[in-house]
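Chains as they are written, first to last, in UniProt numbering: chain A, 1 to 527; chain B, 1 to 527. The C-beta atom is built at its ideal place from N, Cα and C for all residues, glycine as well.
Written out as structure tokens, the structure is:
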């Protein structure tokens, strides 16, 4: 029963069993539609084109692209010839971009036409790249596609399931990005597991639109799951915004969509501000991950759109899915508020993922919903090192990945992330959770976003500062006192932020999370 | 990312995440209920008891038991200590039973109390068995359980995912039974894949009652899938009959049940005969496999019970799931009759299973729904040999399992089994499908069961003979002419059976399939 678990099996399944199912991409003002049969043919051609460019087993092919059908082809083509796709985050700082491309040793870069200027600006610092390929038709640019003459014969490489097929870099808190490699086996098992009903649940009947970028943590696995199970895939193309998302859900009858909370907050805000009505009734599953979803947003989606947001949790180091939040059958009788709070937690680890909750000494803590500790993971798709990186030893110890996330776990295994180790506020020797404060503040109807950071304090070592963005609605008139009065009932007095500052926007990292590093620098001297 | 796929992970998941979910077994006139936490504790204890009996890695533990919670414990306990469960078909002929126990080298037999006499009758011919363990409380029999004093400490063995954890023998057409071994990896992947929505689809919310015996092809994987996903499991106990099945579905709110067609035909017949009304509305999925389901039965389940029967296809050699029949989204507009016909086909192979349709020379045939050939399979849970058996070379060739099933495959990959290679009727050089004729005859409302066999014919080499069982309803008065007139419109004239004989019962194999070998012997000289 030796039978290798390979990415090529995923692609072949779509070609054999779902040749006529549809893949839809927003392209400029229009729409590109084609089938898995055509996708398979073009992917085979791309694989052969890469071969002709000298790409062989183990070689790296970088992608620099939006969510489109061409990026989907690039998700599979290197894998079928034994090579490795390296998805490059298009929002990285130029120095980081140069670092990861050189560190990965990318030999070919596949580049969306409108992102070519970004690459042009760093091209002379790239040491390994031999070919720049533009993902477009010849008439779109002066560059011609190198695959114009390549054969479409499908010739998958004979590789081992433990060989590497993917590479993604994660931003480090300090220092240079760190690379995570994914084996064929890891991707295959992640795909299967994520499709089971209590995780994401993916069927041929679904029409999946991932808003999470394809350069972010394997796009949470959707391009693979969609292809294996023959779902229709909808790609939102270049720079999707809330209006585009709503229009595409309505027009393409999207059943599953996925993105970071800021996406879903943005959609909600757009619907409220614009007053436009969309028929979003096809959505059966909105998946949110990457950071906590405020209760108020969960509530608004249920009440306004009739959709329960499925909260998922993961990270680049875990391919990325660690857990998803399905309500268990024995929890159906919970009161509305308890249901929402349960729904806001990170849920239960996927089958196959093993978890520990540990104190500072690495000793096990109780799963009682009370004890707070760091989460450690291991499993068939959890990394055990950063690629060629001395920092691996800090994060991967004795086969366990130390996530840096502080959480509680309840008796049923529901994870509740309390904070990042580095984002906790240490006040007078006690820990204050920035995430708890943020969630409470964001529940105020006039607050769009809030981030709580630690600022240095001579007496208490650190104290919390709340940075708040008000809704664009001009009638929203907030003050420090209004905010503090709003959250006062829920916290001990010493947890309350010392001050509230109103800012235009919370700075975001390249993957859309709050960038507290920037805020901490900005308010370092705030008193 | 090296992380072995082991059966112990499946067990651990239930213990960690679903400790309070329920396992229900019919015991005599009463009901035994306990939780996964208790099941885990007892399974650990059984593992340790087996260790104390000298069972080590690779050793075989035979089970001789009905579907009960004790058999569920036995499904996992050997695997956790690196040993192998060998499920013994309790309906085998004594000679075959002796053969497979000796061939497997079973060291311990776990035996249901009411089956002890069967083992007693062959005990002196068993060469490897060192211990007979009765699956019962001490007061049920004069035997005491050896695990009474064993520790419940969970100490899983450190094994490789390719090591063997299960063994099941399949009856050969001629000669002795043949053994199929399952690795941990095969069982793990089968479990995950079968749980995906377009295959069986298994969720924590399900309440699964497998009627298919636990000694038959891993009970189609349900004990593993139920445990991994935390579904409640309902075991029908000793000799379940249609009344018991209906009562348990009603009382235990079963959502998924599974068995061979004769089970579902029997339930339908019982409901019609008894006139008893049951509330079977909890059933969302009835799975039928092992042989074809007549259209009339599919129709009756939909119309009478509001349940679509999910037709699954597989065999002992494939752990057993090969395919399941979900209607694809693009087939929703089919007319009722076409839907039924689609529903009656064997469906589409599971993700991971690779399939070929070949002619007598092993050359590929078209997937056009017309060309008929033998099905070959390979995949992560498809066997590549019979255990210690010279006959392996006939069935497993170049990594492909030659199934002996004759089928068509349509463009979407739907398999339609036409017949077994050995059951086809060869008339004047042309093939007649016994299965097609049987399905047509069973559509007659007064027919309970029908089997079509080849009988020797001096002119045509072979001709079809229909063996028909009428419904118990005494008003059913059938004749050869009524049967032939009924099916005449659907077949070429030379396909029509030369004769129709009415018999009391179709002989069944030990796993409930029509035993045509017996019929062929009985009617060998029929003219």
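Using a 10 angstroms sphere on the CB of residue 180 of chain B, the tally of other CB atoms reaches 16 or more, which defines it as buried. The beta carbon of residue 3 of chain B falls within 7 Å of a beta carbon belonging to chain A, placing the residue at that interface. Residue 20 of chain A and residue 68 of chain A have their C-alpha atoms spaced approximately 18 Å apart. Look at residue 380 of chain A: its C-beta is under 7 Å from a C-beta on chain B.
Boundaries cannot be given for residue 81 of chain A, as no beta strand (DSSP E) includes it and DSSP labels it neither H nor E.
Checking the DSSP bridge columns, you'll see residue 464 of chain B partnered with B:454.
Scanning the region 377-448 of chain A for uninterrupted alpha helix (DSSP H) segments of 4 residues or longer gives 392-395, 434-442, listed from N- to C-terminal end.
Among the residues of chain A, those whose CB is under 7 Å from the CB of residue 17 of chain B are 348, 412, 413, following chain order. Looking at A:389, A:351, A:384, the one whose alpha-carbon comes closest to that of residue 104 of chain A is A:389. Sequence-ordered contacts of the region 176-205 of chain A with chain B read 181, 182, 183, 185, 186, 188, 189, 191, 192, 193, 195, 196, 197, 198, 201, 202, 203, 204, 205 [C-beta pairs closer than 9 Å]. Between residue 228 of chain B and chain A, the shortest Cβ-Cβ separation is below 7 Å. Under DSSP, residue 34 of chain B shares a beta bridge with B:23. The C-beta of residue 151 of chain A comes no closer than 7 Å to any C-beta of chain B.
Judged by DSSP in its simplified three-state form, residue 301 of chain A adopts helix. Identification of residues in the region 329-347 of chain B having a C-beta nearer than 8 Å to some C-beta of chain A yields 329, 330, given in sequence order. Taking the Cβ atoms as the reference, residue 231 of chain B lies roughly 7 Å from residue 207 of chain B, within the contact range of under 8 Å. The criterion of a C-beta distance shorter than 7 Å is not satisfied by residue 14 of chain B and residue 79 of chain B. Secondary structure in the region 202-237 of chain A: the beta strand (DSSP E) runs of 3 residues or longer, each lying completely within the stretch, are 207-210, 232-235 in chain order.
Collapsing the DSSP output to three states places residue 350 of chain A in coil. Using a Cβ distance threshold of 7 Å, residue 167 of chain A and residue 84 of chain A count as a contacting pair. Around the beta carbon of residue 419 of chain A, 16 or more other beta carbons lie within 10 angstroms, which makes this residue buried.
When the beta-carbon positions are compared, residue 310 of chain B and residue 285 of chain B come within less than 7 Å of each other.
Taking the Cβ atoms as the reference, residue 211 of chain B lies roughly 6 Å from residue 240 of chain B, within the contact range of under 8 Å. For the pair residue 385 of chain A and residue 410 of chain A, the Cα-to-Cα distance works out to about 29 Å. Under the DSSP assignment, residue 285 of chain A falls in the beta strand (DSSP E) whose first and last residues are 285-288.
Three or more pairs of CB atoms, one per stretch, sit closer than 8 Å, so the region 445-459 of chain A contacts the region 423-432 of chain A.
Going by beta carbons, residue 380 of chain A and residue 189 of chain A fall inside the 7 Å limit.
Residues of the region 8-37 of chain A whose Cβ lies closer than 9 Å to any Cβ of chain B, in chain order: 9, 10, 12, 13, 16, 17, 18, 19, 20, 21.
Taking all protein chains in view, the Cβ of residue 214 of chain A is crowded by 16 or more other Cβ atoms within 10 Å, so the residue is classified as buried. Residue 107 of chain B sits in a strand when the DSSP states are folded into three classes. For the region 47-65 of chain A, the set of residues with a beta-carbon nearer than 8 Å to any beta-carbon of chain B is empty. Look at residue 351 of chain A: its C-beta is under 7 Å from a C-beta on chain B.
For residue 364 of chain A, there is no enclosing beta strand (DSSP E), since its DSSP letter is neither H nor E. Annotated as distal: residue 424 of chain B and residue 294 of chain B, with beta-carbon spacing of 7 Å or more. Between the alpha carbons of residue 55 of chain B and residue 107 of chain B lies a distance of about 7 Å. In the structure shown, the three-state DSSP call for residue 311 of chain B is strand.
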